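Visitor: Below are the structure tokens for one structure; questions will follow.
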Amino acid sequence: MTSRSNRTTVIIAHQFESADQQLDADLLGMWLFLVTELLLFSGAFLAFSVYYHQYSEAFSAAAGELHWLLAGFNTALLLTSGLTVALAEQAAVENNRRATLGLLALTIALGLAFLALKGYEYHSEYRAGLIPFLDQPFAFDGPDPIHAMLFYNFYFTLTGLHALHMIIGLSAMGVILVSGYRWRDRHRVARQVRIAGLYWAFVDIVWVLVYTSLYLVGR
Amino acid sequence: MSALSRTDAAEPASYLNAGYGLKSWLLTLDHKRIAWLYFISITGFFFLGGAAATLIRLELLTPAGDLLSDNAYNQMFSLHGIVMVWFFLIPSIPTTMGNFLLPLMLGARDMAFPRLNLLSWYVFILGGLFTLTAVVAGGIDTGWTFYTPYSTMFSNGAVLAAATGVFIVGFSSILTGINFIVTTHKMRAPGLTWFRLPLFVWAQYATSVIMVLATPVLSVTLVLLGIERAFGIGIFDPALGGDPVLFEHLFWFYSHPAVYIMLLPAMGVVSECIACFAHKRIFGYKVMAFSILAIALFGFLVWGHHMFVSGQSIYAGVAFSLLSFLVSVPSALKIFNWIATLYKGQIRFDAPMLFALSFIGLFLIGGLTGIFVATLALDVQMHDTYFVVAHFHYVMVGGMVSAYMAGLHFWWPKITGRLYPEMWARVSAIIVFVGFNLTFFPQYILGWAGMPRRYHAYADEFQLLNVFSSAGAGLLAVGYLLPLLYLIWSLRYGARASANPWDARGLEWTVSSPPPVHNFARVPRVEHEAYAYDQPQ
Amino acid sequence: MTDKPQANAKDARVRRHFFTLYLFLLAALAINMGSTLLDLGVVAVPLRLAMAALMAASIALIFMRLRDSAVLVRLVAATSLLWVVFLFVLSFSDYLTR
Chain A
70 MTSRSNRTTV
80 IIAHQFESAD
90 QQLDADLLGM
100 WLFLVTELLL
110 FSGAFLAFSV
120 YYHQYSEAFS
130 AAAGELHWLL
140 AGFNTALLLT
150 SGLTVALAEQ
160 AAVENNRRAT
170 LGLLALTIAL
180 GLAFLALKGY
190 EYHSEYRAGL
200 IPFLDQPFAF
210 DGPDPIHAML
220 FYNFYFTLTG
230 LHALHMIIGL
240 SAMGVILVSG
250 YRWRDRHRVA
260 RQVRIAGLYW
270 AFVDIVWVLV
280 YTSLYLVGR
Chain B
26 MSALSRTDAA
36 EPASYLNAGY
46 GLKSWLLTLD
56 HKRIAWLYFI
66 SITGFFFLGG
76 AAATLIRLEL
86 LTPAGDLLSD
96 NAYNQMFSLH
106 GIVMVWFFLI
116 PSIPTTMGNF
126 LLPLMLGARD
136 MAFPRLNLLS
146 WYVFILGGLF
156 TLTAVVAGGI
166 DTGWTFYTPY
176 STMFSNGAVL
186 AAATGVFIVG
196 FSSILTGINF
206 IVTTHKMRAP
216 GLTWFRLPLF
226 VWAQYATSVI
236 MVLATPVLSV
246 TLVLLGIERA
256 FGIGIFDPAL
266 GGDPVLFEHL
276 FWFYSHPAVY
286 IMLLPAMGVV
296 SECIACFAHK
306 RIFGYKVMAF
316 SILAIALFGF
326 LVWGHHMFVS
336 GQSIYAGVAF
346 SLLSFLVSVP
356 SALKIFNWIA
366 TLYKGQIRFD
376 APMLFALSFI
386 GLFLIGGLTG
396 IFVATLALDV
406 QMHDTYFVVA
416 HFHYVMVGGM
426 VSAYMAGLHF
436 WWPKITGRLY
446 PEMWARVSAI
456 IVFVGFNLTF
466 FPQYILGWAG
476 MPRRYHAYAD
486 EFQLLNVFSS
496 AGAGLLAVGY
506 LLPLLYLIWS
516 LRYGARASAN
526 PWDARGLEWT
536 VSSPPPVHNF
546 ARVPRVEHEA
556 YAYDQPQ
Chain C
201 MTDKPQANAK
211 DARVRRHFFT
221 LYLFLLAALA
231 INMGSTLLDL
241 GVVAVPLRLA
251 MAALMAASIA
261 LIFMRLRDSA
271 VLVRLVAATS
281 LLWVVFLFVL
291 SFSDYLTR
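Protein chains in written order, with my numbering: chain A, 70 to 288; chain B, 26 to 562; chain C, 201 to 298.
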């Protein structure tokens, strides 16, 4: 056996027989949770697709007003953070404290940069009068503004829901960064980074789908 | 050790006397105590929903709307539906008996995620209080379905708060579902293969799969509804080209499978009771297990049968109607197998058996009339009449609640370490059966004759059957109040139960009643299937 | 002792896969964004969606290590996709035949 399976420092919960059983259970639980997340987004995507199918012209015109280049850059940022968190996971498995913590911090920084740019995007849409609530008149001047408004409702709902998931993921990684700083139980840290990494990769996947269907499909 | 020294010799150490303070209950991670937390909360919700039902039946004694105003009546059936569906029926068997028994039946010391288990109860209570406050103080009148555009644009009640509460409760379901699935996969004792599991475990497993796959779609639907109502922006609003039928699609994608969240655990309980009180191996074990999974699967493919008159395409309607008939195949298989299990068994008519047998009869009637309403052409006549009301009450109350009572009595000695008074329990089972049929059978006839649901007043010619129905509801109330009294009584005065008072099979009967804190002193090694009634325990 | 360098070789391979995937994702994103500058007619929408699906699937397989996961976990992932298909196909069975 390699030094990696040395279990002297492993603390397992009372209901489990072994650390492997615990990790297996945690991973399965996390995947099941991601299944629920996928179905949650699917419901919103279904509604969007039904309306896109019915009002594709208006939706395309409305999609044309979005900052697709800026959001494309943001997509690249998020994909990079997907890489860094995957590397952090690997570093934790290899018991490399510095690399794990550094890569986690980098992931968080990239995530925050994404949110900042997204905030800027929302702000400029607000200035352009494209936010159909907050008691502001809807200033879209393309054809069929009524159905364009429906598009923007979905745009804000889907991107907002995604941003909320990012905030949850960032908080989780922040907690791991603080609690794992002392590197007391490396198996525990590795397990936590693995779980958080799964969540973050899922957030990546959702954004790829959101970006493609909202910004690119109708363009 | 200190907990041990506090107990006297007559009362061996168990999960019940491991600690006495409020904190030892509210912060417990023991699945058996969490089951109690759920027992107490859902019993409260059950009697609240029952009180609303009583007022509804009192109003319907006479054709004129004299007891409740039309508005108050709408609020009353909404209260009844919301509380009963989301706060009693959905959590009922999984969170109570499921929580208590799953680790015991698997030979495990606890659930895979005990903290998550406790969290799910707190989430449940939070959602429950939220919804309850909204429904009672805010006057929800949308029915339990929150159909748009009424719920988003016209209703004056606190729809947003109620929907938020139901959204929160959804998380409780999801957490429970994840916990059960992981526990079943990862915590089985050595030798406990899938085909040695009790059918109760199969049922809990399939139910959990439905919870995990269906609940998030309800969550997002409620989020969309909430956004529409809170910000006044159109999602389902026809004025913006939105489609209220889309809300119905999303809603029923959850809410039809939700019927099986209620029903499958009931089928699991009934299988355990029938095998035990016929003292026989369950007939066709694998067919029973696979038909549970089949019902869970088919349940997802039929939701459009709630929408035959909604403006849904006629072709989709035909497809949903045909798919709906599929569900009847595994359901019928189960009924045949229960009957075959009874054949040549050494049948004992203890109270759990009486409740289980009423489940079979009532579920059969509810299921067969389900085929009526799943038939596209016939449903156009039946839709929104009391026929539908009678149909789903036969399945949910006649079926599900009977099974809940069966399970509660069957495992009561295990859970509490006390026997309930058998005579009173049999009386209660018979009163419930008679009262139930008297309440709901007339509603089939009323619906067939064309009496619409959800009105506080009705035409004079329907009165006689409505009086029968209300009288039955009174009987039903007695039938449900009796167990509340004698079960509480038995906690203190009931005779002490042995480890296996029914001579049943299964791992849960090998530990003492009530079980010790960590269930098994040693992890058991399983060598038989769960229904080895041909072998001594 | 002989195990350790082997494990390192495996770690290096995993890391190399991550970087390869990352480059692929950036390229796929660039292709998808670039495609909006061309007039592709009816194939535009299916093409972009297929590209997005490919990106999503490769993130799941490599970053989320689905490729190396237990059969059960892969089954869970596959089931979730099947249920998304149920949701879309049955809902669109209504909207496409109205």
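In this text, a Cβ means the ideal position worked out from N, Cα and C, and glycines have one as well. The structure presented is a predicted model; accordingly, all values stated were derived computationally and were not measured.
#1: Going by DSSP in three states, B/R443 sits in which element: helix, strand or coil?
#2: Taking DSSP as the reference, what is the three-state secondary structure of B/R530?
#3: Run through chain C and tell me which residues come within less than 7 Å of A/A155, C-beta to C-beta.
#4: Using a C-beta to C-beta distance shorter than 7 Å, which residues of chain B count as neighbours of C/R298?
#5: Within the same chain, show all residues whose beta-carbon is closer than 7 Å to that of B/L463, passing over the 5 residues directly before and after it, in chain order.
#6: Helix, strand or coil: how does DSSP classify B/T410 here?
#7: Quick one: Cα of A/T78 to Cα of C/R215, how far?
#8: Note down, in chain order, each residue of its chain lying with its Cβ closer than 7 Å to the Cβ of B/A502, except the 5 sequence neighbours on either side.
#9: Report the neighbours of A/T29 on chain C: residues whose CB is nearer than 7 Å to its CB, in chain order.
#10: Report, in whole angstroms, the separation of the C-beta atoms of B/Y419 and B/T394, which I expect to be a contact under 8 Å.
#11: Specify the secondary structure class of B/R521 as computed by DSSP and reduced to three states.
#12: Nearest to B/R517 by alpha carbon, out of B/L143, B/H481, B/Y445 and B/A555?
#13: Is B/P139 helix, strand or coil when you go by DSSP?
#14: With a threshold of 8 Å between beta-carbons, can C/S293 be considered close to chain B, or not?
#15: Does the Cβ of B/A264 have 16 or more other Cβ atoms within 10 Å, making it buried, or fewer, making it exposed?
#16: Do you know how far the Cα of B/S117 is from the Cα of B/S427?
#17: Assuming A/Q84 and B/A133 form a contact by the criterion Cβ under 8 Å, report the distance between their Cβ atoms to the nearest whole angstrom.
#18: With 8 Å as the threshold, decide whether the Cβ of B/P242 is near any Cβ in chain A.
#19: Rounded to whole angstroms, what's the CA-CA distance from B/A365 to B/F308? Just pull it up for me.
#20: Could you give the distance in angstroms between the alpha-carbon of B/I554 and the alpha-carbon of A/T281?
#21: I need the DSSP call for B/P269, collapsed to helix, strand or coil.
#22: Assuming contact is defined by CB atoms lying nearer than 8 Å, are B/A228 and B/P290 in contact in what I supplied?
#23: Got a sec, what are the start and stop residues for the alpha helix (DSSP H) A/T90 sits in?
#24: In three-state DSSP terms, what is B/P477?
#25: Given B/L151, which residues of its chain have a CB within under 7 Å of its CB, disregarding the five upstream and five downstream residues?
#26: DSSP on A/N164, reduced to helix/strand/coil?
#27: Let me check understanding here. Comparing Cα to Cα, which of B/L387, B/T53 and B/A522 lies closest to B/G460?
#28: Within 8 Å (strictly less), CB to CB, does B/Q210 reach chain C?
#29: In chain order, what residues of the same chain have a beta carbon less than 8 Å from the beta carbon of A/A265, not counting five sequence neighbours either side?
#30: Note down, in chain order, all residues in the region 445-478 of chain B with a beta-carbon under 9 Å from any beta-carbon belonging to chain C.
#31: Determine the DSSP secondary structure at B/S8, reduced to helix, strand or coil.
#32: So is A/A122 buried or exposed if we call it buried at 16+ other beta carbons inside 10 Å?
#33: Please state if the CB of B/G195 and the CB of B/L243 are separated by a distance shorter than 8 Å.
#34: Tell me the rounded alpha-carbon separation between A/W276 and C/L229.
#35: Among residues of its own chain, excluding the 5 on either side of B/L62, which ones have a beta-carbon nearer than 6 Å to its beta-carbon?
Guide: In terms of the structure at hand:
#1: Within the second sequence, numbered from 1, the residue matching residue 443 of chain B stands at position 418. Residue state, collapsed to three classes: strand.
#2: As a first step, residue 530 of chain B is located in the second sequence; it is residue number 505 there, counting from the start. B/R530: coil per DSSP, three-state reduction.
#3: Against the first sequence, residue 155 of chain A aligns to sequence position 86. Within chain C, the residues near A/A155 are F218 and F263.
#4: Taking the first residue of the third sequence as position 1, residue 298 of chain C is located at position 98. Taking a Cβ-Cβ cut-off of 7 Å, the neighbours of C/R298 in chain B comprise S338, given in sequence order.
#5: Numbered from its first residue, the second sequence carries residue 463 of chain B at position 438. Excluding residues within five positions, the ones whose Cβ falls inside 7 Å are F493, A496, G497 and L500.
#6: For the purposes of this step, residue 410 of chain B is taken as residue 385 along the second sequence, with counting starting at 1. It is a strand residue.
#7: What you label residue 78 of chain A is simply residue 9 of the first sequence in a count that begins at 1. What you label residue 215 of chain C is simply residue 15 of the third sequence in a count that begins at 1. For A/T78, the predicted structure reports a pLDDT of 48, less than 50, and the residue's modelled location is therefore unreliable. The matter cannot be settled from this model.
#8: Counted from its first residue, the second sequence places residue 502 of chain B at position 477. Cβ neighbours of B/A502 beyond the five flanking positions: G75 and T79.
#9: Examination of residue 29 of chain A is not possible in this model, given that chain A is present from 70 through 288 alone.
#10: For this step, residue 419 of chain B is matched to residue 394 along the second sequence. For this step, residue 394 of chain B is matched to residue 369 along the second sequence. Right, their Cβ atoms sit about 7 Å apart.
#11: Within the second sequence, the letter at position 496 stands for residue 521 of chain B. Three-state DSSP puts B/R521 in a strand.
#12: The residue given as residue 517 of chain B occupies position 492 in the second sequence. Distances from the CA of B/R517 to each of B/L143, B/H481, B/Y445 and B/A555 were compared; the closest alpha carbon is that of B/Y445.
#13: For the purposes of this step, residue 139 of chain B is taken as residue 114 along the second sequence, with counting starting at 1. Residue state, collapsed to three classes: helix.
#14: Within the third sequence, numbered from 1, the residue matching residue 293 of chain C stands at position 93. Cβ-Cβ to chain B under 8 Å: yes for C/S293.
#15: The sequence position of residue 264 of chain B within the second sequence is 239, counting from 1. Exposed, since its Cβ has fewer than 16 Cβ neighbours within 10 Å.
#16: The residue given as residue 427 of chain B occupies position 402 in the second sequence. The residue given as residue 117 of chain B occupies position 92 in the second sequence. If you take the alpha carbons of B/S427 and B/S117, they lie about 12 Å apart.
#17: Taking the first sequence and counting its residues from 1, one reaches residue 84 of chain A at position 15. Taking the second sequence and counting its residues from 1, one reaches residue 133 of chain B at position 108. That pair is a contact at about 7 Å.
#18: Counting from 1 along the second sequence, the entry for residue 242 of chain B is found at position 217. What sits at residue 242 of chain B in the sequence shown is Val, not Pro. Yes, because at least one Cβ of chain A sits closer than 8 Å to the Cβ of B/V242.
#19: Counting from one through the second sequence, the residue named residue 365 of chain B turns up at place 340. Counting from one through the second sequence, the residue named residue 308 of chain B turns up at place 283. Rounded to the nearest angstrom, the two C-alpha atoms are 6 Å apart.
#20: The residue labelled residue 554 of chain B in the question sits at position 529 within the second sequence. The residue labelled residue 281 of chain A in the question sits at position 212 within the first sequence. Residue identity differs from the one stated: residue 554 of chain B is Glu in this sequence, not Ile. If I take the Cα positions, the gap works out to 52 Å.
#21: One-based indexing of the second sequence puts residue 269 of chain B at position 244. Correct three-state label for B/P269: helix.
#22: Position 203 of the second sequence, counted from the first residue, corresponds to residue 228 of chain B. Position 265 of the second sequence, counted from the first residue, corresponds to residue 290 of chain B. Closer than 8 Å, so yes.
#23: As a first step, residue 90 of chain A must be located in the first sequence, where it is residue number 21. Before going on, a small fix: residue 90 of chain A reads as Gln here, not Thr. Following the DSSP letters along the chain, one finds A/Q90 inside the alpha helix (DSSP H) bounded by residues A88 to Q123.
#24: As a first step, residue 477 of chain B must be located in the second sequence, where it is residue number 452. Looking at B/P477 - three-state DSSP - the assignment turns out to be strand.
#25: Here residue 151 of chain B is taken as the residue at index 126 of the second sequence, counted from 1. Hits under 7 Å: I193.
#26: Looking up residue 164 of chain A in the first sequence gives position 95. In the structure shown, A/N164 sits in coil (DSSP, three-state: anything other than H, G, I, E or B).
#27: For the purposes of this step, residue 460 of chain B is identified with residue 435 of the second sequence, where counting begins at 1. Checking every option, the nearest Cα to that of B/G460 belongs to B/L387.
#28: Taking the first residue of the second sequence as 1, we reach residue 210 of chain B at position 185. The displayed chain sequence assigns His, not Gln, to residue 210 of chain B. For B/H210, the answer is yes, since a Cβ of chain C falls inside 8 Å of its Cβ.
#29: Position 196 of the first sequence, counted from the first residue, corresponds to residue 265 of chain A. Same-chain partners within the cutoff: V154, G238, A241, M242 and I245.
#30: none
#31: With chain B represented from 26 up to 562, any question about residue 8 of chain B goes unanswered, as that position is not in the structure.
#32: Against the first sequence, residue 122 of chain A aligns to sequence position 53. One point to set straight first is that residue 122 of chain A is His, not Ala, in the sequence displayed. Result: exposed.
#33: Residue mapping note: residue 243 of chain B aligns to position 218 of the second sequence, counting from 1. Residue mapping note: residue 195 of chain B aligns to position 170 of the second sequence, counting from 1. Between B/L243 and B/G195, the CB-CB gap stays under 8 Å.
#34: As a position in the first sequence, residue 276 of chain A is number 207, starting the count at 1. As a position in the third sequence, residue 229 of chain C is number 29, starting the count at 1. Taken atom to atom, the span from the alpha-carbon of A/W276 to that of C/L229 is near 12 Å.
#35: In the second sequence, counting from the first residue as 1, residue 62 of chain B sits at position 37. Cβ within range, chain order: W146.
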